[in-house]
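Visitor: This is the structure I have questions about; it appears just below.
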Amino acid sequence: MKISLFLTIFITTITSHAAAPVQKHVVRINSTLQKWSASQPWDKSAPSKRRALGVTMPNNQILTTAEMAADATYIELENADGNRTIPAKVVAIDYEANLALLAADNGDTDGFFKTLSPIKLGGGAKIGDKVSVWQLEDNGVPLITEVTIQSADIVSSFAQGHYFLTYEAKGSMQSASSSYSLPVIKDGKLLGLLTSYNSKDQITDVLAPEIIAAFLADVKDGNYVGFPSLGIGVSNTVDPNFRAWLKLPDDVGGIYVTHVRKDSPAEKSGTLKGDVIIEIDGKEIGRRGYYTDAQYGKLFWSHQVRGIHKVGDQVEITILREGQRKILTAILKRPGKRLVPAYTYDTAPKFLVKGGFIFQELTATYLKAFGKDWQSKAPLDLLDVLRSPDDYEAGRNRIVFLSAAVPTPATTGYERMRNLIIAKVNGKDIADIPSLVKAFQAPGSDGLHTIEFADGNPKTIYLDASVSDMVDGQLLKRGIPILSRE
Amino acid sequence: MISKTLFLLLGSICLIATPTTYAQRLPDDTTAPIKVATPHAQNIYGSIVRIEAATQVPNYREPWKAGQFSGGIGTGFIIGHNRFLTNAHVVSNARRLLITKHGSPQKHPAKIIHIAHDCDLALLEVEDFSPFEGLKPLEIGLMPKLETQVRVIGYPVGGNRISVTRGVVSRIDFNSYSHTRSDQHLVVQIDAAINPGNSGGPVLQNGQVVGVAFQGLRSADNTGYMIPPPVIKRFLKDIEDGSYDKYVDLGITEFAMFNPAMRKKFGLGRTTPGVLVASVTPDGPCDGVLLANDILIAINGKAVDAAGNILIGGEKVNMNEVVERKFSGDLIKLDIIRDGKKLNKTATLKPFPPIQMYAVQYGVQPRFTTFSGLVFQPLDRNLYAAHSFSNTRVRRIFAHYIDEGIFKEREDVVILTRILEDPVNTHVSGHVGTAIESINGVKIKNLKQIHELLHPNKIPKFFVIKCEGIERPIIIPGENAAEASKRTQMNYGISLSHRL
Numbered sequence: 001m002k003i004s005l006f007l008t009i010f011i012t013t014i015t016s017h018a019a020a021p022v023q024k025h026v027v028r029i030n031s032t033l034q035k036w037s038a039s040q041p042w043d044k045s046a047p048s049k050r051r052a053l054g055v056t057m058p059n060n061q062i063l064t065t066a067e068m069a070a071d072a073t074y075i076e077l078e079n080a081d082g083n084r085t086i087p088a089k090v091v092a093i094d095y096e097a098n099l100a101l102l103a104a105d106n107g108d109t110d111g112f113f114k115t116l117s118p119i120k121l122g123g124g125a126k127i128g129d130k131v132s133v134w135q136l137e138d139n140g141v142p143l144i145t146e147v148t149i150q151s152a153d154i155v156s157s158f159a160q161g162h163y164f165l166t167y168e169a170k171g172s173m174q175s176a177s178s179s180y181s182l183p184v185i186k187d188g189k190l191l192g193l194l195t196s197y198n199s200k201d202q203i204t205d206v207l208a209p210e211i212i213a214a215f216l217a218d219v220k221d222g223n224y225v226g227f228p229s230l231g232i233g234v235s236n237t238v239d240p241n242f243r244a245w246l247k248l249p250d251d252v253g254g255i256y257v258t259h260v261r262k263d264s265p266a267e268k269s270g271t272l273k274g275d276v277i278i279e280i281d282g283k284e285i286g287r288r289g290y291y292t293d294a295q296y297g298k299l300f301w302s303h304q305v306r307g308i309h310k311v312g313d314q315v316e317i318t319i320l321r322e323g324q325r326k327i328l329t330a331i332l333k334r335p336g337k338r339l340v341p342a343y344t345y346d347t348a349p350k351f352l353v354k355g356g357f358i359f360q361e362l363t364a365t366y367l368k369a370f371g372k373d374w375q376s377k378a379p380l381d382l383l384d385v386l387r388s389p390d391d392y393e394a395g396r397n398r399i400v401f402l403s404a405a406v407p408t409p410a411t412t413g414y415e416r417m418r419n420l421i422i423a424k425v426n427g428k429d430i431a432d433i434p435s436l437v438k439a440f441q442a443p444g445s446d447g448l449h450t451i452e453f454a455d456g457n458p459k460t461i462y463l464d465a466s467v468s469d470m471v472d473g474q475l476l477k478r479g480i481p482i483l484s485r486e
Numbered sequence: 487m488i489s490k491t492l493f494l495l496l497g498s499i500c501l502i503a504t505p506t507t508y509a510q511r512l513p514d515d516t517t518a519p520i521k522v523a524t525p526h527a528q529n530i531y532g533s534i535v536r537i538e539a540a541t542q543v544p545n546y547r548e549p550w551k552a553g554q555f556s557g558g559i560g561t562g563f564i565i566g567h568n569r570f571l572t573n574a575h576v577v578s579n580a581r582r583l584l585i586t587k588h589g590s591p592q593k594h595p596a597k598i599i600h601i602a603h604d605c606d607l608a609l610l611e612v613e614d615f616s617p618f619e620g621l622k623p624l625e626i627g628l629m630p631k632l633e634t635q636v637r638v639i640g641y642p643v644g645g646n647r648i649s650v651t652r653g654v655v656s657r658i659d660f661n662s663y664s665h666t667r668s669d670q671h672l673v674v675q676i677d678a679a680i681n682p683g684n685s686g687g688p689v690l691q692n693g694q695v696v697g698v699a700f701q702g703l704r705s706a707d708n709t710g711y712m713i714p715p716p717v718i719k720r721f722l723k724d725i726e727d728g729s730y731d732k733y734v735d736l737g738i739t740e741f742a743m744f745n746p747a748m749r750k751k752f753g754l755g756r757t758t759p760g761v762l763v764a765s766v767t768p769d770g771p772c773d774g775v776l777l778a779n780d781i782l783i784a785i786n787g788k789a790v791d792a793a794g795n796i797l798i799g800g801e802k803v804n805m806n807e808v809v810e811r812k813f814s815g816d817l818i819k820l821d822i823i824r825d826g827k828k829l830n831k832t833a834t835l836k837p838f839p840p841i842q843m844y845a846v847q848y849g850v851q852p853r854f855t856t857f858s859g860l861v862f863q864p865l866d867r868n869l870y871a872a873h874s875f876s877n878t879r880v881r882r883i884f885a886h887y888i889d890e891g892i893f894k895e896r897e898d899v900v901i902l903t904r905i906l907e908d909p910v911n912t913h914v915s916g917h918v919g920t921a922i923e924s925i926n927g928v929k930i931k932n933l934k935q936i937h938e939l940l941h942p943n944k945i946p947k948f949f950v951i952k953c954e955g956i957e958r959p960i961i962i963p964g965e966n967a968a969e970a971s972k973r974t975q976m977n978y979g980i981s982l983s984h985r986l
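Residue numbers (the working numbering), protein chains in the order written: chain Z, 1 to 486; chain S, 487 to 986.
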């Protein structure tokens, strides 16, 4: 949670009699997080710390947000009183829905959980319901704040572009330790997890129980799958001129399909670019993409797919194509692999160091490392791959590019080369780092490696095989721990 | 390429500075006695004039507007009968030019005879030369040597009268001319103070002009840059036929052959000359003459070293210096090694108009057309500077317009730069700042074509405007279009609907 520190409003809803249940169901989570360095992919960046409150689940497990466990080097559980700690491990994590389930890792598990008991997951809340946010003071005294549910919406709280059912609740909160994310309770049962707090508007975002229930159900068999996706991009149909051109009658709403991903459930169902989706599972979709949910009122259409269904479920899509109504059936699955991964939590960057050249697989994480203005500062040719992956996909699993050249005897004259996409090495097409590693094992008979860029001046350069092997040895001696990660 | 922040010595700062220093103190008892300059120096001062420009800078954000009225001060000097040399940037976008003689209050209306933006030089004449008769024209001398002393004379900020500074020649280099933001020529760096207003003034050595002061460096002290004699002489020669034809370029990218593995691959010994031809500009003078991966070993008989330099007059200079002194139609002999074989090739230099995409344009009004509140403008350096385009595709097209041969397909890359809100377009969003791909299925090649497609004789039911990278097209119903165009022009005060 991002609680701002200038919040000094007194909370009048603190009740001490609730101490017992809070201490029974809540543990502090102390995480040490460490990302990988974008420019020197063998290194990790400086560690940072996050503290939050998790809630107890059956089987001595703890539920929290994915933000608390993603890129974690060390996670520790601490009881409310602060007199017991135990290391923890991740049982399951969903970066898209922002949920993680933790368990004790070694140590006195029974002792730690002796005074704790699992909290029950409740049902959904209604607009206007008053619910409690649980916090702990440093000394273990509970702080309970009542907030009022104002609306339900589809919100992205961690991995960008993934939207899940979230309540927005109004209420003034105060800063306390371990508040990065917090449990929210209704009638003694868990309602959801607080993922953010805006002190200016006094609005909290609370991840809804429906999403938590789906996550926990998925974890049960020990094989976590994740939330399904349809695989489309859409645009609204508010513009009356656009509607007239699409021949949309006034009594339907509908969303215009701008993109259908390859091998996605939508593509397999026969959905085409240019179709207008007017119903999903019989629920009418309005011009802005909202349908009417029995419990929450207007919700964005994606909840009808991701929030309600699981992988393998069937979804009925009603479309208008050239004014004709058609019903298509999609069998939902997880989104396929992307040419440029959108997030890379807990995944070390794949790279190869050869003679001082640093080759990497392109990820959105790499581009975002260019800072706040990464969309204008990151290399243009690499940004274009992120924006239009379809143009680069042929023959590739990933984009391999030259990210930098360490000045060495092998890279003399190449020092300024960077951010160049690799097409071939030693005549072999490069689909990913493993194929690059393999290609470098077979230099030409003249003892030279041939590196071909997709685009560059010059397009082809050469690297002395024996000199670069010698340089690689020196780089290891100079402290680069490994020369590749496949 | 070395990245530097260069600034032109004339700009709005001159306009601000000039009036504040107008209250010029006349020499009186409190100031040191004025040293009377030698008669020779007096002669020279007379030939150095103050140029006052009133400018009108076009507005690329709202192209129908008249633009910004502004102005500035620069320096010029007489080089012949009614021929005043100055910088192009002193007189660019000028609506009125006035020349003032040293020591005279009279302002003489002047006009541009020739202007060369690519090398930042211009030639002016006055309506009536008689007041200048008898003044000695300055002679253009030879390239000054390193460490020799020079004088910079002009009318910089900080006073109204002529100013003289001294310095030495610190460096001779091939460097950027910031006026167009896209040209590189020979530059001489001096350590004399060059300030706004010095622009266009002569740099003298032994009474001869060895440079035209033109730009400075903001990030460093005591670095002034001047345009050296070879560039000045080339300009004067180019205009002999009555028109300026611009610089011509070989149209190749070279890559220094420093890497031992690279040298081995191309069979070059340790001291063998030659630079790699990394790429050849499509449709450029070397297209069909040179190929990528040729090794260029000599240009017009001068050996090219591994870094692409040649020896001229005892100085190592970039090999492009040979081409720099040539004109359109001239031949260039190129000795190359291709696949291990020595070959002798000849390229004919010719103008390459698409390169203008990257040069700042002056003295032209922005082209555009409007339709139902939508504003369309062709992409060029001026437009790029006026709008901050964030669309990756537009930025990429701009960056690769020449090397990927995009210019062959698209004479203009037309950008939807603005939507003036009107009932007909109010629900269109996310399209501003993208390139127009097609209109009613017809691929867009230039601005004129867009204008014609949007104003056809037979009005279609819908105008379908497809923007690059956005699937959802902009739809304007044919029957509402003309009325919406009229309405937006009226409401937003658009005095001109198009300029093609």
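Beta carbons are placed, not taken as given, at the ideal position from N, Cα and C, and that holds for glycine.
1) Measure from the alpha carbon of residue 253 of chain Z to the alpha carbon of each residue in Z:260, Z:280, Z:233 and Z:184, then state which is nearest.
2) Rounded to the nearest angstrom, what separates residue 91 of chain Z and residue 345 of chain Z at their Cα positions?
3) Within this structure, are the beta carbons of residue 729 of chain S and residue 857 of chain S separated by less than 7 angstroms?
4) Taking only beta-carbon atoms, is residue 885 of chain S less than 7 angstroms away from chain Z?
5) Closer than 9 angstroms by beta-carbon distance: list the chain S residues that pair up with residue 273 of chain Z, in chain order.
6) For the beta strand (DSSP E) containing residue 710 of chain S, name the first residue and the last one.
7) Do the stretch 236-249 of chain Z and the stretch 954-972 of chain S touch if we need at least three Cβ pairs shorter than 8 angstroms?
8) When we look at the beta-carbon of residue 751 of chain S and count the other beta-carbons within 10 Å, is it buried (16 or more) or exposed?
9) Identify every residue that forms a DSSP beta bridge with residue 402 of chain Z.
10) Identify which residue in Z:218, Z:184 and Z:297 has its Cα closest to the Cα of residue 197 of chain Z.
11) Using a Cβ cut-off of 9 angstroms, pull out every chain Z residue sitting near residue 745 of chain S, in sequence order please.
12) Just tell me which of S:815, S:836, S:805 and S:814 has its CA closest to the CA of residue 821 of chain S.
13) Going by C-alpha to C-alpha distance, which of S:973, S:694 and S:667 sits closest to residue 844 of chain S?
14) I believe residue 652 of chain S touches residue 637 of chain S by the beta-carbon criterion, under 8 angstroms. Please report the beta-carbon distance rounded to the nearest angstrom.
15) To which residues of the same chain is residue 259 of chain Z closer than 7 angstroms at the C-beta, ignoring the five residues directly before and after it?
16) Taking residue 595 of chain S as part of the alpha helix (DSSP H), name the residues at either end of that continuous run.
17) In whole angstroms, what separates the C-alpha of residue 705 of chain S from that of residue 679 of chain S?
18) When the Cα of residue 482 of chain Z is compared with those of Z:360, Z:347 and Z:353, which residue comes out closest?
19) Closest by CA to residue 103 of chain Z, which one among Z:168, Z:261 and Z:64?
20) Where does residue 236 of chain Z sit, in a helix, a strand or coil, going by DSSP?
21) I need the straight-line Cα distance from residue 265 of chain Z to residue 278 of chain Z, nearest angstrom please.
22) On the DSSP bridge assignment, give the partners of residue 660 of chain S in chain order.
23) What residue range does the beta strand (DSSP E) around residue 57 of chain Z cover?
24) Is the beta carbon of residue 327 of chain Z closer than 7 angstroms to that of residue 314 of chain Z?
25) Against chain Z, with Cβ distances strictly below 7 angstroms, would residue 748 of chain S count as a contact?
26) Helix, strand or coil, according to DSSP, for residue 339 of chain Z in the structure here?
27) Using DSSP with H/G/I as helix, E/B as strand and the rest coil, what is residue 848 of chain S?
28) Between residue 791 of chain S and residue 762 of chain S, what straight-line distance do the alpha-carbon atoms span, to the nearest angstrom?
29) Contact between the stretch 172-189 of chain Z and the stretch 46-54 of chain Z: three or more CB pairs below 8 angstroms?
30) I want to see whether chain C comes within less than 7 angstroms of residue 426 of chain Z, judged by CB atoms only; does it?
31) So that I know if they touch, is there some Cβ in chain S lying closer than 7 angstroms to that of residue 471 of chain Z?
32) Using three-state DSSP, classify residue 241 of chain Z as helix, strand or coil.
33) Starting from residue 374 of chain Z, trace the alpha helix (DSSP H) both ways and give me its first and last residue.
34) Can you find a CB in chain S that lies within less than 7 angstroms of the CB of residue 363 of chain Z?
35) Is there a Cβ from chain S that is less than 7 angstroms from the Cβ of residue 306 of chain Z?
36) Within 10 angstroms of the Cβ of residue 520 of chain S, are there 16 or more other Cβ atoms? Answer buried if so, exposed if not.
Guide: So, from the data block:
1) Z:280
2) 15 angstroms
3) no
4) yes
5) 957
6) 710-713
7) yes
8) buried
9) Z:359 and Z:420
10) Z:184
11) 410, 411, 412, 413, 414, 461, 462, 463 and 464
12) S:805
13) S:667
14) 5 angstroms
15) 232, 233 and 273
16) Segment 593-602 is the beta strand (DSSP E) holding residue 595 of chain S; no alpha helix (DSSP H) there.
17) 14 angstroms
18) Z:353
19) Z:64
20) coil
21) 17 angstroms
22) S:672
23) 48-57
24) no
25) yes
26) coil
27) coil
28) 10 angstroms
29) yes
30) Of the chains in the structure shown, none is chain C; the protein chains are Z and S.
31) no
32) helix
33) 374-377
34) no
35) no
36) In this prediction, residue 520 of chain S scores a pLDDT of 39, lower than 50, which makes its location untrustworthy; no coordinate-derived value is stated.
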